[in-house]
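**Student:**
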Amino acid sequence: MISSIIESSIKNRILVLIMAILLAFGGYWSYKNMPLDAIPDLSDVQVIVFTEYPGQSPQVVEDQVTYPLTTAMLAVPYSKVVRGYSFFGLSFVYIIFEDGTDLYWARSRVLESLNYVSGDLPDKVTPTLGPDATGVGWVYEYALIDKTGKHDLAELRSIQDWYLRYPLQTVKGVAEVASIGGFVKQYQVEVDPNALQAYNIPLSKVKQAIQRSNSDVGGRLIEMAETEYMVRGLGYIRSVADLNVIPVGVDANGTPIRLQDVAHVHLGPELRRGLVELNGEGEVAAGVIIMRFGE
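Residue numbers (numbering that gives the first Met the number 0): 0 to 294.
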């Protein structure tokens with residue numbers, strides 16, 4: 000067998016030479032076009048379910064959110080491990096799938112299971128899927144630094160949230176741009192309990208008044224002189240002054256009681272449980288870019 004191969008190769012020297020050249024060229028082309036990764040993705044196929052339950056202790060989150068989600072995810076096809084973690088106001092459920100499972104198929108099956116279990120969760124608690132990324136998808140970090148001192152941490156965080164994050168999310172291969180650090184601006188209403196008691200106004204009524212006042216209302220069209228005019232009410236809150244004049248009730252004389260009469264309204268930072276520091280030089284606002292699966 001071997002002797003016949005050698006004999007035929009000697010007789011067809013030119014053909015063998017051409018095949019060797021083609022084989023060498025193909026090997027060189029494969030070498031030049033071989034995809035290389037400094038950190039190869041060896042992580043498992045996983046889907047993360049993230050749920051917020053504000054103000055609740057880890058035990059309550061575990062009993063009312065994490066446990067129902069974890070037991071429901073056990074029935075997802077090709078899932079081999081389901082892990083649940085409960086924190087203050089937060090729940091994370093990790094579903095690990097068998098090797099070779101398509102990530103997007105797995106996400107669709109998890110989403111299907113979430114539709115079934117959503118009725119067992121507390122009101123206004125909505126679980127969401129994490130980004131379509133892997134455990135090694137954390138590919139880039141950046142920080143916003145203002146050495147001139149003209150912008151504070153709240154303004155830097157606003158720049159990150161409203162001017163940098165959205166353009167970066169349109170970049171090919173980016174699954175998510177997470178904002179970290181700084182301060183998130185919010186309207187804060189500090190209610191005076193003595194004023195509420197004096198006016199006999201419950202706290203729930205103040206909350207309802209703020210919610211109802213922060214909305215636009217639509218009307219109808221009015222035709223005048225062959226021209227249509229659209230009637231609507233503009234009610235979205237745009238400043239602290241808008242919040243101050245929200246009516247929350249009336250006194251014995253029928254005079255409206257405004258929010259500023261029973262509370263102090265101001266801009267302040269949202270409660271945070273962590274910070275970002277750069278090179279020991281102080282706090283910064285930053286962003287983390289997560290790479291999409293398969294990129």
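Beta carbons are placed, not taken as given, at the ideal position from N, Cα and C, and that holds for glycine.
Relative to the C-alpha of Arg257, which candidate in Lys204, Asp145, Glu111 and Tyr93 has its C-alpha closest?
**Tutor:** Lys204
**Student:** Pick out the complete beta strand (DSSP E) segments inside the stretch 81 to 163, 3 residues or longer, and give them in chain order.
**Tutor:** Within the stretch 81 to 163, the complete beta strand (DSSP E) runs of at least 3 residues are 89 to 96 and 137 to 143.
**Student:** So what does Ala285 bridge to, in DSSP terms?
**Tutor:** For Ala285, which the question treats as bridged, DSSP gives the partners Ala142 and Ile179.
**Student:** Look up Lys204 in the DSSP assignment and say whether it is helix, strand or coil.
**Tutor:** helix
**Student:** Pick from Asn243, Glu282, Lys184 and Arg219: whose alpha carbon is nearest that of Ala208?
**Tutor:** Asn243
**Student:** With a threshold of 8 angstroms on Cβ separation, who are the neighbours of Ser112 within its own chain once the five nearest residues in sequence on each side are excluded?
**Tutor:** For Ser112, where only same-chain residues beyond five positions count, the Cβ hits under 8 angstroms are Ala71, Met72, Ala74 and Val75.
**Student:** For the stretch 6 to 73, which segments carrying the alpha helix (DSSP H) assignment without a break, of at least 4 residues, lie completely within its bounds, in sequence order?
**Tutor:** 12 to 31, 57 to 60 and 66 to 72
**Student:** Could you work out which residue in Lys149, Phe87, Arg156 and Gly136 is closest to Ala142 when comparing CA atoms only?
**Tutor:** Arg156
**Student:** Mind checking if Ala174 is an interface residue toward chain C, Cβ cutoff 9 angstroms exclusive?
**Tutor:** Of the protein chains in this structure there is only one, and it is not chain C.
**Student:** What is the rounded straight-line gap between the Cα of Glu6 and the Cα of Arg12?
**Tutor:** 10 angstroms
**Student:** Look at Glu282 and Leu152 and say whether their C-beta atoms are less than 9 angstroms apart.
**Tutor:** yes
**Student:** Buried or exposed: which applies to Gln55, given that a residue is buried once 16 or more other Cβ atoms fall within 10 Å of its Cβ?
**Tutor:** buried
**Student:** Give me the residue from Glu154, Asp43, Tyr52 and Gly136 with the minimum Cα distance to Ile144.
**Tutor:** Glu154
**Student:** I need the boundaries of the alpha helix (DSSP H) containing Pro192, first residue and last residue.
**Tutor:** If you look at Pro192, you'll find it in the alpha helix (DSSP H) that goes Pro192 to Tyr198.
**Student:** Got a sec? Which residues, its chain only, sit under 8 angstroms from Asp250 by beta carbon, not counting five neighbours each side?
**Tutor:** Tyr198 and Ile256
**Student:** Would you list the residues sitting across from Val216 in a DSSP beta bridge?
**Tutor:** Gly232
**Student:** Express the C-alpha separation of Tyr27 and Pro67 in angstroms, rounding to a whole number.
**Tutor:** In this structure, the CA atom of Pro67 is about 55 angstroms from the CA atom of Tyr27.
**Student:** Closest to Tyr186 by C-alpha separation, out of Asp101, Thr147, Ser214 and Ile236, would be which residue?
**Tutor:** The residue with the shortest Cα to Cα distance from Tyr186 is Ile236.
**Student:** Comparing C-alpha positions only, which one of Ile9, Lys10 and Ala105 sits nearest to Phe292?
**Tutor:** That would be Ala105, whose Cα lies nearest to the Cα of Phe292.
**Student:** So for Leu277, helix, strand or coil by DSSP?
**Tutor:** coil
**Student:** Which one of Ile9, Ser2 and Lys146 has the shortest CA to CA distance from Glu280?
**Tutor:** Lys146
**Student:** Following the continuous alpha helix (DSSP H) through Val244, name the residue where it begins and the one where it ends.
**Tutor:** Taken as a continuous stretch (DSSP letters only), Val244 belongs to no alpha helix (DSSP H), as it is neither H nor E.
**Student:** Mapping DSSP to helix, strand and coil, what is Pro166?
**Tutor:** helix
**Student:** Apart from the five residues on each side of it in sequence, which residues of its chain come closer than 6 angstroms, Cβ to Cβ, to Pro121?
**Tutor:** Gln63
**Student:** If I follow the unbroken beta strand (DSSP E) through Leu266, where does it start and stop?
**Tutor:** Ala262 to Pro268
**Student:** Assuming Ile288 and Tyr139 make a contact with CB atoms under 8 angstroms, what is their CB distance in whole Å?
**Tutor:** 4 angstroms
**Student:** Return yes when the Cβ of Thr133 is within less than 9 angstroms of the Cβ of Asp40, no when it is not.
**Tutor:** yes
**Student:** Report the rounded CA-to-CA distance for Leu163 versus Pro130, giving the unit in angstroms.
**Tutor:** 18 angstroms
**Student:** With a threshold of 7 angstroms on Cβ separation, who are the neighbours of Val80 within its own chain once the five nearest residues in sequence on each side are excluded?
**Tutor:** Excluding sequence neighbours, Val80 sits near Ile95.
**Student:** Report back the beta-carbon spacing between Lys184 and Leu266 to the nearest angstrom; my notes put them in contact at under 8 angstroms.
**Tutor:** 6 angstroms
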